[in-house]
Amino acid sequence: DIELATIDYFSPNLVFYAGHPVQLLVQPDDVARFFAQHPRGFVVTRSDKLKRLTQPMPQIVEVARHRRFLRNHDLVLLSQPTDFALHKDSVAR
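Heads up: take any position in the sequence shown, counting from 1, add 33, and you land on the numbering used here.
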């Protein structure tokens with residue numbers, strides 16, 4: 034199973050479609066610990082909150098971005114640099 038976490042965002046739909054519990058992270062340090070424990074994991078966050086995560090952890094890669102209907106922010110899927118993340122342009126948006 035792929036480990037999934039969120040920070041500054043949560044939706045019950047995410048848990049349903051993931052098919053297993055999703056970790057709720059609070060601080061940027063929690064994201065660093067999550068990736069240390071789950072090197073192939075993913076974190077979902079809001080685009081307007083992204084800067085507070087990427088400044089202390091520049092190695093985080095944006096894998097995908099989803100525009101939200103009638104919202105002022107997108108949802109962003111983050112991971113650590115891997116072969117998959119390096120080819121993010123081939124991922125459908």
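Don't be surprised by glycine CBs; every beta carbon is placed ideally from N, CA and C.
In terms of alpha-carbon separation, which member of the options lies closest to residue i?
i, options, result
"R79", "I35, D34, A38 and Y42", "Y42"
"S112", "K84, D81, H99 and V64", "V64"
"R98", "V109, R85 and Q88", "V109"
Expressed to the nearest angstrom, what Euclidean distance is found between the alpha-carbon atoms of residue i and residue j?
i, j, result
"V77", "I35", "13 Å"
"R100", "G74", "22 Å"
"S123", "Q60", "Caution is warranted here: a pLDDT of 47 is assigned to S123, below 50, making its placement in the model unreliable, and the coordinate value is therefore given only provisionally. Answer to the nearest angstrom: the Cα atoms are 30 Å apart."
"I40", "M90", "14 Å"
Counting only the same chain and skipping the five closest in sequence on each side, list residues whose C-beta sits under 6 Å from that of residue i.
i, result
"A38", "Q56, L58, F67 and V76"
Can you find the residues in the same chain that come closer than 8 Å, C-beta to C-beta, to residue i, ignoring five residues on each side of it along the sequence?
i, result
"D81", "N105 and H106"
Which residues in the same chain have their Cβ closer than 7 Å to the Cβ of residue i, if we skip the five residues on either side of it in sequence?
i, result
"L83", "V109"
- What are the complete alpha helix (DSSP H) segments, minimum 4 residues, inside the segment 70 to 116? Taking only runs of at least 4 residues, the alpha helix (DSSP H) segments lying wholly in the segment 70 to 116 are 84 to 87.
- At which residue ranges does the segment 40 to 64 contain complete alpha helix (DSSP H) runs of 4 or more residues, listed in the order of the chain? Counting only runs of 4 or more, we get 45 to 51.
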